[in-house]
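Residue numbers (the numbering used here), protein chains in the order written: chain A, 557 to 663; chain B, 726 to 985.
Structure follows, in structure tokens:
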């Protein structure tokens, strides 16, 4: 299989896996040189980190922002960002604990 | 709240924002303040199907004006005592906490959200690609200490995965570096495109090898672009491909004109 077929197969595969579909309109014949660029899944690991995303299972507790900061630190990279905030649960917990503490003080 | 949180590393930070505006799926545990029978509950949930009006909750990071959001699916998964487990497929920006609260109002007993897990954000789902922080840490450790990168390669997905929900244009090798320098895409640079390319909406530009080059705004519909022989097809917004990876054909052409 040529580079183009592999490249397009990759695009169609990841699209279908995510539940979407590509219906292509072909305009002109073209070729791609193996001398530059690379198939996305054949990137060097250092490049994969530079051009990578993680489908992260966010733990409960920390904010989305905190989790991203941790990931950034783990990889030792200067930038990282997330898609869509998942707010931390039970913002009220801190408050109810405060209530409990103050009732202790009173008694 | 747990679940699918796509994280863009380094260069991918630029494009990860485009999954914010894609479809969402949640599993939510609601606690009713009084027991309600199954048939009444099922009937009440029907009210949330289709377009709903929501005012963002007091503690939210957006303007608190009433807005319309679509709920495509709302399914009762389980029902035990005062607890209700539902799956919701909806537009981005739908507040689950609000749905739980409103269900309580409809039933007349009051209710609140107990737990929430996101199971889908656009192209990202709760499948074998979903990893925990611990797995990332383990994969990095393996790679750094013994050079083994198999686990790390399973943890990190190529950036292309995060924009598969967008319409796509595949471009010529000769157009890549010009786009990488911020130029707009002209008609002769187009090799093929998906039929869902719409005028004035987001489109992703790829190389023939399937690498993401940039995000752009299409200026014409797919059918129109297919017929064009010259002119600008898409305005480049966000460049991901670094300069100099592909040859700079456009520069060389300029020089040769200078010589003659």
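Every residue gets a Cβ at the ideal spot worked out from N, C-alpha and C, and that includes glycine.
Which residues in the same chain as residue i place their Cβ atom closer than 6 Å to its Cβ, once the five residues preceding and following it in sequence are excluded?
i	result
residue 849 of chain B	729, 731
residue 974 of chain B	899
residue 843 of chain B	728, 729, 751
residue 591 of chain A	none
residue 966 of chain B	905, 938
residue 819 of chain B	794
For residue i, return the contacting residues in chain A, with the cut-off set at a CB-CB distance below 8 Å.
i	result
residue 741 of chain B	609, 637, 638, 639
residue 887 of chain B	609, 639
residue 771 of chain B	Within 8 Å Cβ-Cβ: nothing; residue 771 of chain B doesn't reach chain A, min ~25 Å.
residue 951 of chain B	581, 583
residue 857 of chain B	612, 613, 615
residue 926 of chain B	The contacting residues do not exist; residue 926 of chain B stays about 15 Å from chain A at best.
residue 881 of chain B	604, 605, 608, 609, 610
Excluding five sequence neighbours on each side, which residues of the same chain lie with their C-beta closer than 7 Å to the C-beta of residue i?
i	result
residue 834 of chain B	757, 758, 759, 761
residue 562 of chain A	595
residue 799 of chain B	770, 773, 774, 811, 813
residue 984 of chain B	Here residue 984 of chain B scores only 49 on pLDDT, less than 50, and its place in the model should not be relied on; the value that follows carries that caveat. Excluding positions up to five away in sequence, the list is empty.
residue 815 of chain B	749, 794, 795, 796, 797
residue 836 of chain B	755, 756, 757, 758, 825, 826, 828, 829
residue 897 of chain B	914, 916
Considering only their Cβ atoms, is the gap separating residue j from residue i smaller than 8 Å?
i	j	result
residue 813 of chain B	residue 821 of chain B	yes
residue 609 of chain A	residue 733 of chain B	yes
residue 593 of chain A	residue 893 of chain B	no
residue 579 of chain A	residue 920 of chain B	yes
residue 890 of chain B	residue 817 of chain B	no
residue 951 of chain B	residue 583 of chain A	yes
residue 737 of chain B	residue 607 of chain A	yes
residue 841 of chain B	residue 726 of chain B	yes
residue 804 of chain B	residue 766 of chain B	yes
residue 851 of chain B	residue 845 of chain B	yes
Using a C-beta to C-beta distance shorter than 7 Å, which residues of chain B count as neighbours of residue i?
i	result
residue 625 of chain A	What residue 625 of chain A touches in chain B: nothing, since even the nearest Cβ is about 11 Å away.
residue 582 of chain A	917
residue 630 of chain A	861, 862, 865
Assuming residue i contacts residue j under a Cβ cut-off of 8 Å, what Cβ separation, rounded to an integer in Å, is found between them?
i	j	result
residue 740 of chain B	residue 940 of chain B	6 Å
residue 943 of chain B	residue 922 of chain B	5 Å
residue 639 of chain A	residue 744 of chain B	4 Å
residue 570 of chain A	residue 868 of chain B	No, residue 570 of chain A and residue 868 of chain B are not in contact; Cβ-Cβ is about 23 Å, not under 8 Å.
Please work out which residues of its chain come closer than 8 Å, Cβ to Cβ, to residue i, disregarding the five sequence neighbours upstream and downstream, and give them in chain order.
i	result
residue 788 of chain B	781
residue 908 of chain B	961, 975
residue 560 of chain A	586, 587, 588
Find the residues of chain A that neighbour residue i, judging by a C-beta separation of less than 9 Å, and give them in chain order.
i	result
residue 890 of chain B	571, 574, 575, 576
residue 728 of chain B	613, 614, 642
residue 1003 of chain B	Nothing about residue 1003 of chain B can be reported from this structure: the residues present for chain B run from 726 to 985 only.
residue 893 of chain B	567, 571, 578, 580
Residue i touches chain A at which residues, Cβ-Cβ below 7 Å?
i	result
residue 920 of chain B	579, 581
residue 690 of chain B	In this structure chain B extends from 726 to 985, so residue 690 of chain B is not present and cannot be described.
residue 935 of chain B	563, 564, 566, 567, 595, 596
residue 897 of chain B	586
request  = Report the residue ranges of all beta strand (DSSP E) runs contained in full by the stretch 589 to 649 of chain A; include only those spanning at least 3 residues, in chain order.
outcome  = 608 to 614, 636 to 638
inquiry  = Ignoring anything shorter than 3 residues, give me the beta strand (DSSP E) runs that lie fully in the stretch 868 to 940 of chain B, in order along the chain.
reply    = 893 to 896, 915 to 919, 927 to 931
ask   = Going along the chain, which unbroken runs of the alpha helix (DSSP H) with 4 or more residues stay wholly within the stretch 807 to 871 of chain B?
value = 821 to 832, 858 to 871
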